[in-house]
Amino acid sequence: MDDVTASQVTAVADRVLDALSEPPVEFSGHSTILGASIGIAVAGPGETSETLLRNADLAMYEAKLEGRSRHVLYEPVMHTKVVNRFRLESALQTAVDTGAITFAYQPIVDLRTGAVVGLEALARWSDPDLGDVPPSEFIPVAEATGLIHELGRWAIEQVCRGLTEWRSAHGTKAYVSVNVSPLQLEDDQFASSVARILLNHGLEPSALVLDVTEGMLLVERSRESLRGLRAHGVRVAIDNFGTGYSSLSYLRQLPVDLVKLNQKFLHPLEDDSADPAFLRAIIRLAEALHLDVVCEGVETPAQLSDLQVARCGFGQGDFLARPSPLVDVPATIEVASSSR
1 MDDVTASQVT AVADRVLDAL SEPPVEFSGH STILGASIGI AVAGPGETSE TLLRNADLAM
61 YEAKLEGRSR HVLYEPVMHT KVVNRFRLES ALQTAVDTGA ITFAYQPIVD LRTGAVVGLE
121 ALARWSDPDL GDVPPSEFIP VAEATGLIHE LGRWAIEQVC RGLTEWRSAH GTKAYVSVNV
181 SPLQLEDDQF ASSVARILLN HGLEPSALVL DVTEGMLLVE RSRESLRGLR AHGVRVAIDN
241 FGTGYSSLSY LRQLPVDLVK LNQKFLHPLE DDSADPAFLR AIIRLAEALH LDVVCEGVET
301 PAQLSDLQVA RCGFGQGDFL ARPSPLVDVP ATIEVASSSR
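In structure tokens, the structure reads:
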């Protein structure tokens, strides 16, 4: 396909998308917003109509994966990419059906006493054929296929069961935190399923903390869902605070209980010329809003010391404890007091 022909075809696709992006249309008394994902393919020498349709379909699938309401021109690499993705989808469905996804738990530690006050559940998946597949790869697939709802409910069920057993073994009231997808918050049954799981395992609602990103809190439907969950006593944490859009002044309007500071706030503190006053100010402001503060990514003794000087209540990171199977997580972590 030469450049002129490519330009002509994509120009037509642009006009189609523009036409569909007009204000909502009325249909049977309801306003409907239309959109489209367009796959484009041009037959080369010797290609059949069946091949042309297959290639266009692959390009359309790629357009959907890239966010919908766009067009994509077929490229040969897409065939291999889509085949691999289908393999991943099939393997993920099997993993969910058979319980092959496991969890490692990283302690959240009280930096004054060393007590483990919480556990962050981190999903792990090792497939016999695909090897270790990180969440950054399989979670988007779960979202794209709708499997995220089944996977999300199953994950909360598993970590709540594990927390009940771990609490009983150690005689503590630690909580467990779980990352949730924005698609889960769009599910009308999500809040009721979470409440049912907690009840089934004899856990108080505050034993579960849902980790959400700052961007999710900009969506009104997500905020409404989180408000409903908090009304039942489930707590909400902003994960990786400081990497997105929200500010401390905005936090008072959001349905959150904890702020998990991104580790970037720690790195400047390793420089002797850096002033830890900024970190202290963030912690004090968050506490003034009645929010607990957890600093993530504690990786060195110097970072731990600086957090203690800043009077940060809670920390999480490999220096304190690496993620491990739940049976190996202790109830307390040795935390040296700072003399700085």
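In my numbering, the protein residues as written are 1 to 340. Ideal placement from N, C-alpha and C gives every residue a C-beta, glycine not left out. All values reported here derive from a predicted model rather than from experimental measurement.
Handout entry: DSSP-derived helix/strand/coil call for N179
Key = The answer is strand: DSSP assigns N179 an E or B state.
Exercise for the section: Determine the DSSP secondary structure at Y211, reduced to helix, strand or coil. Expected result: The sequence given here has Asp at residue 211, not Tyr. D211 falls in the strand class under three-state DSSP.
Problem - Chain-order list of residues whose beta-carbon lies under 6 Å from that of N179 (same chain, five-residue window excluded) - result: Taken in chain order, the residues that qualify are D211.
Handout entry: Range covered by the alpha helix (DSSP H) that runs through Y61
Key = Residues 49-65.
Problem - Pick from E186, L226, E165 that is closest to G202, judged by C-alpha positions - result: The option with the nearest alpha carbon to G202 is E165.
Handout entry: Cβ contact check for the region 313-320 and the region 92-99: 3 or more pairs under 8 Å
Key = Result no; under three Cβ-Cβ pairs closer than 8 Å.
Handout entry: Three-state secondary structure assigned by DSSP to H232
Key = The answer is coil: DSSP assigns H232 none of H, G, I, E or B.
Problem - Burial state of S339, where buried means 16 or more other Cβ atoms lie within 10 Å - result: Residue confidence for S339 is low, a pLDDT of 48 falling below 50, so the modelled location carries little weight and cannot support an answer.
Handout entry: C-beta atoms of A59 and T332 nearer than 8 Å
Key = A59 places its beta carbon 8 Å or farther from that of T332.
Practice task
Using the Cα positions of I197 and E157, report the straight-line distance between them to the nearest angstrom.
Solution key: Put simply, the backbone Cα of I197 is about 6 Å away from that of E157.
Problem - Residue from F278, A286, S192 with nearest C-alpha to I238 - result: Ranking the options by Cα distance to I238, first place goes to A286.
Exercise for the section: Look up G162 in the DSSP assignment and say whether it is helix, strand or coil. Expected result: DSSP places G162 in helix when its eight states are reduced to three.
Practice task
List the residues that DSSP assigns as beta-bridge partners of G131.
Solution key: In the DSSP output, where bridge partners are listed per residue, G131 has D127.
Problem - I139 to P182 span [Cα, whole Å] - result: Rounded to the nearest whole angstrom, the CA to CA distance from I139 to P182 is 12 Å.
Problem - Span of the alpha helix (DSSP H) around R112 - result: Where R112 is concerned, there is no enclosing alpha helix (DSSP H), given that its DSSP letter is neither H nor E.
Handout entry: Buried or exposed (CB count within 10 angstroms, at least 16 for buried), S324
Key = Burial call: exposed.
Exercise for the section: Report the rounded CA-to-CA distance for R85 versus K64, giving the unit in angstroms. Expected result: Between the alpha carbons of R85 and K64 lies a distance of about 13 Å.
Problem - Residues of its chain near E120, where Cβ-Cβ distance is below 6 Å and the 5 sequence neighbours each way are ignored - result: Within the same chain, Cβ atoms closer than 6 Å to the Cβ of E120 are found at Q106, S177, the five residues on either side in sequence being excluded.
Practice task
Give me whichever residues DSSP pairs with T102 in a beta bridge.
Solution key: R124, per the DSSP bridge assignment.
Exercise for the section: Use the C-beta contact count for Q184: other C-beta atoms within 10 angstroms, 16 or more gives buried, fewer gives exposed. Expected result: By the neighbour-count rule (16 or more Cβ atoms within 10 Å), Q184 is buried.
Problem - Cβ pair A100, L122 closer than 8 Å - result: Their beta carbons are not under 8 Å apart, which means A100 does not touch L122 by this criterion.
Exercise for the section: Could you tell me which of E47, Y61, L73 sits nearest to A11, measuring between CA atoms? Expected result: With distances taken between Cα atoms, A11 lies closest to L73.
Problem - Test item: CB-CB of R235 and L289 under 8 Å - result: Contact: no.
Handout entry: Segment limits, alpha helix (DSSP H) that includes R15
Key = Note, R15: alpha helix (DSSP H), 3-20.
Practice task
For the beta strand (DSSP E) holding R70, just list the boundary residues, first then last.
Solution key: Its beta strand (DSSP E) spans residues 70-73.
Handout entry: Extent of the continuous beta strand (DSSP E) to which V327 belongs
Key = V327 -> no beta strand (DSSP E), and no H or E assigned at all.
Problem - Inter-residue CB distance, V194 and L229 (contact presumed, cutoff 8 Å) - result: Contact flag correct, Cβ pair sits at about 6 Å.
Exercise for the section: Return the Cβ separation of V9 and I40 in integer angstroms, given the expectation that the two are a contact with Cβ distance under 8 Å. Expected result: Correct: roughly 6 Å between the Cβ atoms.
Handout entry: Below-8 Å beta-carbon distance, A302 vs any chain C residue
Key = In the structure shown, chain C cannot be found, because there is only a single protein chain.
Problem - Local conformation of I344 per DSSP, three classes - result: Past the boundaries of the shown model lies residue 344; the chain is included only from 1 to 340, so the question cannot be answered.
Practice task
Using only alpha-carbon positions, find the residue among N200, D257, L199, A207 that is nearest to L226.
Solution key: Of all alpha-carbon atoms in N200, D257, L199, A207, the one lying nearest the alpha-carbon of L226 is that of D257.
Practice task
Starting from L289, trace the beta strand (DSSP E) both ways and give me its first and last residue.
Solution key: For L289, no beta strand (DSSP E) segment is defined, and its DSSP state is neither H nor E.
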